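Visitor: Quick mapping for you: the protein sequence lines, in order, are chains A and B.
If you're matching positions, the first sequence starts at 2 in the numbering used here and goes up one per residue.
If you're matching positions, the second sequence starts at 6 in the numbering used here and goes up one per residue.
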Amino acid sequence: MALTVRVEKLKREYLQYPKSICVERARLITESYRQTEGEHPYIRRAKALQHILENKTIYIRDGELIVGSQASKPAAASVFPETGANWVLDELDTFATREMRKFEISEESKNELRQLLPYWEHQTVLYQSMQRLNAETKFQYGFKYPVISPSLNLRGHVGHFVPNYGRIVRNGFQSVENDAKKQLAAIDYAQPDSLDRSNFYQSILIVCQAIKTFSERYAAEACRLAEQADVSDSRREELRKIAETCRRVPYYSARNFQEALQSLWFIHLTVQIEGDGFAFSFGRADQYLYDAYIRDVEENGLTNDAAQELVDCFCLKCNEITRIADVPPKTSYFGGVNMTQNLILGGQTPDGNDGYNVVSTLFLRGDENVHMDQPNLSIRVHDGVRDEFLMQAISDIKSGGGKPAIFNDEVMIPSLMKEPSVTLQQARNYGIVGCVEPVVSNGTNGWTNAAMLNMAKCLELALHNGVDPFSGVQLGPKTGTAEELTSYDAVERAYNYQIKYFVKQMVIMLNTWDQMHGELIPIPFMSAMIDGCLEKGVDVARGGAQFNYVGVQGVGLSNVVDSLMVLKKVVFEEKKMTLSELVEALDSNFENNEYLRAGLVNKVEKYGNNIQEVDELAKRVADSYCEEVSQYACVRGGKYRPGLFPVASHVPLGTVVGALPSGRLSGTPLNDGISPVSGCDINGPTSVLLSVSRINHANATNGTLLNMKLHPTSLRTEEDMRKLVSFIHSFMKLGLMHIQFNVVSREELLAAQNDPQNHRDLIVRVAGYSANFVDLDRKMQDDIINRTEQDF
Amino acid sequence: MVNSSISNCDRGIVFNIQRYSLHDGDGIRTIVFMKGCPLRCAWCANPESQAANIEVSLKTIHCIGCRSCEVHCPHQAIRFLDGKPTIARELCTVCGNCEQACNTGAMSLMGQEMTVEEVFHQVISDRPFFDASNGGVTFSGGEPLMQPHFLKNALRRFHEANISTVLETCGFASKEILESVQSYVDTFYFDIKLMDSEMHKKFTSVSNERILSNLAYLQRTGSRVLVRMPFIPGVNDSKENLVATGMYLKKIDIPEIQLLPYHSYGASKYPTVGRAYKFHSHVPSTEEMENARKILVGCGVKVKI
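#1: If you reduce the DSSP assignment to three classes, tell me which class M119 of chain B lands in.
#2: Would you grab the beta carbon distance between D673 of chain A and P647 of chain A for me? Rounded to a whole angstrom, and I think it's under 8 Å.
#3: Within a Cβ cutoff of 6 Å, which residues of the same chain sit near Q782 of chain A, ignoring the five residues on either side of it in sequence?
#4: Taking Cβ positions, are Y550 of chain A and T705 of chain A nearer each other than 9 Å?
#5: Given a limit of 7 Å on CB to CB distance, which residues of the stretch 723-737 of chain A reach chain B?
#6: Which of the three DSSP states, helix, strand or coil, is assigned to F85 of chain A?
#7: Can you give the Cα-Cα distance for I683 of chain A and T579 of chain A, rounded to whole angstroms?
#8: Among A:C459, A:K458, A:G477, which has the Cα closest to the Cα of G467 of chain A?
#9: Candidates B:Y275, B:S286, B:G251, B:D258: which alpha carbon is nearest A297 of chain B's?
#10: Check whether chain B comes within 9 Å of N672 of chain A, counting only Cβ atoms and requiring the distance to be less than that.
#11: Looking only at its chain, what residues have a beta carbon closer than 6 Å to the beta carbon of C23 of chain A, apart from the 5 residues adjacent to it on each side?
#12: Thinking C-alpha only, which one of B:Y270, B:M151, B:L247 is nearest A57 of chain B?
#13: Taking S361 of chain A as part of the alpha helix (DSSP H), name the residues at either end of that continuous run.
#14: Which of the three DSSP states, helix, strand or coil, is assigned to F852 of chain A?
#15: With a threshold of 9 Å between beta carbons, is V110 of chain B in contact with chain A?
#16: Considering Cα atoms alone, identify which of A:I274, A:F774, A:C247, A:E275 is closest to L262 of chain A.
#17: Does the stretch 649-663 of chain A come close enough to the stretch 710-722 of chain A that 3 or more CB-CB pairs lie under 8 Å?
#18: Leaving out five residues before and five after S73 of chain B in sequence, what residues of the same chain have Cβ atoms less than 7 Å from its Cβ?
#19: Going along the chain, which residues of its own chain have a beta-carbon closer than 6 Å to the beta-carbon of E275 of chain A, five neighbours each way excluded?
#20: Give the range of the beta strand (DSSP E) segment to which E173 of chain B is assigned.
#21: Within the chosen definition, does the stretch 692-705 of chain A reach the stretch 407-425 of chain A through at least 3 CB pairs nearer than 8 Å?
#22: Am I right that N343 of chain A and G110 of chain B are in contact with their C-beta atoms under 8 Å? What's the rounded C-beta distance?
#23: Residues bridged to A186 of chain A by DSSP?
#24: Please look up how many angstroms separate the CB atoms of T58 of chain A and I522 of chain A, rounded, as I've assumed it's under 8 Å.
#25: Please identify the residue among A:S216, A:G538, A:L671 whose C-alpha is closest to the C-alpha of D189 of chain A.
#26: Can you name the residues that DSSP bridges to K89 of chain B?
#27: I'd like to confirm the pairing. Which residues does DSSP put opposite V556 of chain A in its beta bridges?
#28: Provide the residue span of the beta strand (DSSP E) that contains V265 of chain B, from first to last.
#29: Would you mind giving the Cβ-Cβ distance between F144 of chain B and V37 of chain B, rounded to the nearest angstrom? I have them listed as a contact below 8 Å.
#30: Check whether the Cβ of N139 of chain B lies closer than 9 Å to any Cβ atom in chain A.
#31: Chain B partners of M578 of chain A, CB-CB under 9 Å?
#32: How far does the beta strand (DSSP E) with Q23 of chain B in it reach, from first residue to last?
#33: Determine the burial state of K607 of chain A: buried for a count of at least 16 other Cβ atoms within 10 Å of its Cβ, exposed for fewer.
#34: Could you pull out every unbroken beta strand (DSSP E) segment of at least 3 residues lying fully inside the stretch 154-207 of chain B, listed in chain order?
#35: Counting contacts by CB-CB distance shorter than 9 Å, is G101 of chain B in contact with chain A?
#36: Of all the CB atoms in chain A, is at least one closer than 9 Å to the CB of A272 of chain B?
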């Protein structure tokens with residue numbers, strides 16, 4: 002079933018609204034904070050949310066079945082002064098004029114923000130953290146060409162949760178309220194933690210009532226609209242159903258599919274009114290929505306079409322969540338506004354069965370129908386996965402957009418169980434946060450995207466005795482000049498020493514941010530839905546969750562590996578040039594030396610081609626980062642977890658790294674996760690999988706990312722799609738964690754025409770035919786590009 | 006006629022090993038493309054496969070004009086015109102110095118001598134994918150039967166390792182050669198072009214009697230044979246040819262044919278081996294394909310497109 006007229010119209014209309022900035026939330030939270038000065042931070046945060054939910058503008062758009070919006074009008078982004086006061090003030094005049102990610106803002110709104118935000122200036126996480134940082138780390142943080150990019154959780158809320166949404170859908174907030182009341186009544190005030198605990202339970206009681214009031218306001222609005230004279234009979238019926246639904250959920254349990262989806266939407270929405278984090282993720286929605294779905298089918302005869310339309314409406318809603326894009330200097334790693342609300346389907350159930358069900362199919366179709374970037378859809382696969390499920394997923398992949406991503410239970414579950422306190426049932430119930438980060442669903446505060454560490458920059462520093470070649474500043478430790486590094490092993494040791502130093506600096510920064518989040522901006526509404534908090538009486542921001550981590554990503558793995566390989570072969574084995582000569586060529590960005598550069602690119606073996614020597618080096622480089630990170634502890638009482646994925650940071654992080662021995666030019670993007678460097682995997686997708694499988698995935702406990710491009714000629718027929726199913730089975734057997742397929746778009750083929758060296762991996766797949774796309778002449782390429790469009 | 010240019014039966018000339026191939030047999034396959042073909046089909050999509058010997062391939066699109074190949078050529082076979090290299094092929098001895106000197110891949114040797122073990126080693130790494138998909142190795146070309154001893158040994162090597170084998174062939178070889186490999190081939194992908202022998206000779210440089218009798222022989226002796234025909238408007242799309250094809254397949258008990266719509270993706274590879282693509286046709290429309298299908302089905306043959 003394609004999109005219905007209703008959803009098509011809702012989508013079209015939504016896309017036409019201009020993006021704008023809404024001051025309402027900033028106004029309401031400031032009003033509340035002025036009234037609660039001196040109270041416990043738990044209570045202040047709970048009362049602030051209550052004040053917002055009771056007073057914010059609400060509306061229901063014509064045709065909507067799932068209701069509830071973040072700001073006062075469609076496509077508007079709220080201001081979160083508790084995290085953004087400093088930078089929003091700085092960027093106020095540029096929101097409407099900047100090139101990327103513009104937001105309209107009226108002069109009136111600007112003036113109001115200029116009144117409101119100074120109140121917050123000294124109580125943001127950003128301000129307070131900077132006050133507490135030691136001088137050395139502060140210098141590393143503020144440096145123009147930094148190695149570490151830790152700003153995400155400094156300039157916004159943390160986000161990155163898979164909350165226990167299932168509990169609320171099934172039992173309602175009423176059940177949370179009952180738990181909190183019992184706990185509050187049982188407090189022994191002689192215990193040293195009793196004050197914090199009692200304030201915590203009181204904050205929970207406040208938000209339970211606040212969410213009830215919020216949904217009831219929507220019920221009233223739906224009733225009001227239903228009474229309008231010009232409303233059609235069918236719409237009136239719908240509005241009455243909406244009113245009934247909103248009176249019920251999320252405070253009470255959901256009895257049918259619409260109530261379940263509406264309940265889920267309300268709580269997910271409110272989470273993003275409480276905080277402006279990224280990657281609030283749904284977890285295993287097909288598992289916790291299934292009961293309500295099947296009950297609706299059995300008791301009310303819910304049809305597949307009706308269920309699909311509701312899911313389509315829900316998927317569309319996910320795209321309405323937005324946040325003011327903080328567009329800091331280009332050296333910072335995150336410029337995007339992809340909210341990465343992960344929703345994952347299928348996989349093993351806690352008792353080890355296959356979890357794929359009808360609701361999984363509804364979401365795969367919904368994503369294909371709506372065809373927008375949210376939700377960030379994923380699937381889980383395991384030995385018992387059904388091919389029918391994979392074929393539905395491949396149908397969505399074929400539609401373009403790189404979704405769903407695929408996660409391998411056979412690696413994820415043992416990886417999660419490396420933590421002794423995680424049970425098999427909990428591990429089997431994992432969800433994915435954001436892009437690729439695995440967590441035990443319901444009970445984890447994983448800070449899974451806390452920072453990026455630029456591994457390629459560390460190599461650059463190792464080749465320059467710790468001096469940043471852009472500025473001449475001594476940035477890293479002195480690990481030896483090019484003349485002093487007289488063996489390959491010495492180079493690798495110097496690199497590892499740089500990594501060691503910067504991992505430590507990163508930990509100091511993040512522990513500071515973490516401490517300040519707990520002190521300044523607890524999140525009681527989220528705490529109500531994270532297992533562990535209610536038992537302990539501790540907010541999730543202060544370590545209430547069952548499992549606590551900080552996840553930090555190493556970026557540029559393949560660039561480092563390919564570069565080390567060049568150093569090993571060209572400099573130390575073949576002795577074609579000295580290290581100093583090579584470094585000199587790098588410093589000039591291979592100016593007038595394209596011949597040398599082409600040789601380094603084409604004549605030295607690269608990672609991703611199933612060459613054992615290179616792949617083993619990749620394993621070693623990955624392990625050294627992972628082991629260095631894993632030894633540190635975080636302030637909430639958990640560990641640091643290493644990841645090997647970049648979100649979108651490989652592009653901006655590349656801008657601060659000069660030319661590398663692999664032949665990569667200064668300022669160009671780094672590689673994407675554990676994927677080979679773009680264009681260097683010239684031996685086809687099977688070799689990429691074999692290479693990548695040599696990396697120890699289970700060590701990268703915060704996740705890995707493998708992006709694989711498919712030429713459209715390889716997904717043309719159903720038989721092609723079945724072959725991709727087999728390929729996914731091989732991916733599982735080889736022990737990889739994550740894979741994502743991107744059917745190469747027309748735009749990328751056009752890009753390949755202009756930049757053949759970086760697209761040598763595009764193979765045209767036609768029977769009995771042997772050719773790389775970039776080897777064909779322009780006319781032929783044009784022909785294939787035009788055909789590509791026809792086929793899809 | 007088939008005549009191996011290589012005396013040592015353990016070595017063959019291979020010009021590409023392509024992985025994750027989807028349209029050349031069951032499952033996920035790795036194709037070993039072999040040099041040399043006895044036919045000269047006017048529409049050939051792999052012109053670099055035709056000559057049996059190793060050639061220099063020149064992809065000017067990758068050339069950065071460093072002239073290193075020119076400097077290193079001992080026979081002055083390379084000259085630069087307007088900043089781009091040209092090869093005087095009559096002077097070239099295929100010594101490979103230019104490939105060595107070229108850092109961009111613009112100059113490369115098309116074809117490489119490999120032993121059976123080298124080929125086996127390179128292909129077998131894809132075994133996890135063969136196992137998951139019922140795939141395997143496909144020998145293609147060129148015409149692999151041009152290198153019969155090597156091919157036989159290679160096929161046997163894979164066969165004994167329980168790897169499924171496919172041979173893509175134009176069928177133009179002696180019966181002895183065909184017999185020598187037959188037991189190691191799980192599936193033949195057998196290409197036919199035209200039923201009229203004169204026309205066949207005109208477009209491919211050889212007549213078709215041997216091809217058709219080999220096809221009948223393989224079918225009769227129990228090999229699994231899948232017949233394919235490149236469907237080329239203006240060459241073999243006439244009702245007359247299609248009826249004759251259908252009747253012949255029916256006669257020799259072959260139930261199905263796959264039509265491969267003509268494409269001109271090979272055209273831009275001609276200049277890389279110093280030749281020009283002179284053939285003209287067009288990509289058949291869905292309607293043309295459908296008409297052909299109907300005619301063949303009318304003869305009692307199933308058609309896959």
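Using N, Cα and C, we set each Cβ at its ideal position, and we do this for glycine too.
Here the structure is a predicted model, which means the values were calculated and not measured.
Guide: In brief:
#1: strand
#2: 6 Å
#3: Once the five neighbours on either side are set aside, the close Cβ partners of Q782 of chain A are Q754.
#4: no
#5: Taking 7 Å as the Cβ-Cβ cut-off against chain B, the residues of the stretch 723-737 of chain A that qualify are K724, S727, F728, H730, S731, K734, L735.
#6: A quick correction: the sequence has Gly, not Phe, at residue 85 of chain A. Under the three-state reduction of DSSP, G85 of chain A is assigned to helix.
#7: 28 Å
#8: Ranking A:C459, A:K458, A:G477 by Cα distance to G467 of chain A puts A:G477 first.
#9: B:G251
#10: With its beta carbon at least 9 Å from every one in chain B, N672 of chain A lies outside the interface.
#11: Excluding residues within five positions, the ones whose Cβ falls inside 6 Å are A72, S73, A77, S79.
#12: B:M151
#13: 359-371
#14: Summary: the structure shown does not reach residue 852 of chain A, with chain A confined to residues 2 through 793, and so no result is reported for it.
#15: Correcting the residue identity first, residue 110 of chain B is Gly in this sequence and not Val. Chain A, which has a Cβ nearer than 9 Å to the Cβ of G110 of chain B, makes this yes.
#16: A:C247
#17: no
#18: Within its own chain, the residues whose Cβ lies closer than 7 Å to the Cβ of S73 of chain B, once the five positions on either side in sequence are excluded, are A106, C107, listed in chain order.
#19: L50, I524, F526
#20: 169-174
#21: yes
#22: About 40 Å separates the two Cβ atoms, so there is no contact after all.
#23: According to DSSP, which records beta bridges pairwise, A186 of chain A is partnered with nothing at all.
#24: At roughly 24 Å, the Cβ-Cβ gap does not stay under 8 Å, so T58 of chain A and I522 of chain A are not in contact.
#25: A:G538
#26: According to DSSP, K89 of chain B bridges with B:L86.
#27: A:N455
#28: Position check: residue 265 of chain B holds Leu in this sequence, whereas Val was assumed. Here the beta strand (DSSP E) through L265 of chain B covers 261-266.
#29: Contact flag correct, Cβ pair sits at about 5 Å.
#30: yes
#31: In chain order: nothing, as chain B lies at least about 14 Å away.
#32: From DSSP, the beta strand (DSSP E) with Q23 of chain B extends over 16-26.
#33: Burial state of K607 of chain A is buried, judged by a 10 Å Cβ sphere holding 16 or more other Cβ atoms.
#34: 169-174, 192-196
#35: G101 of chain B is outside the set of residues whose beta carbon lies under 9 Å from a beta carbon in chain A.
#36: yes
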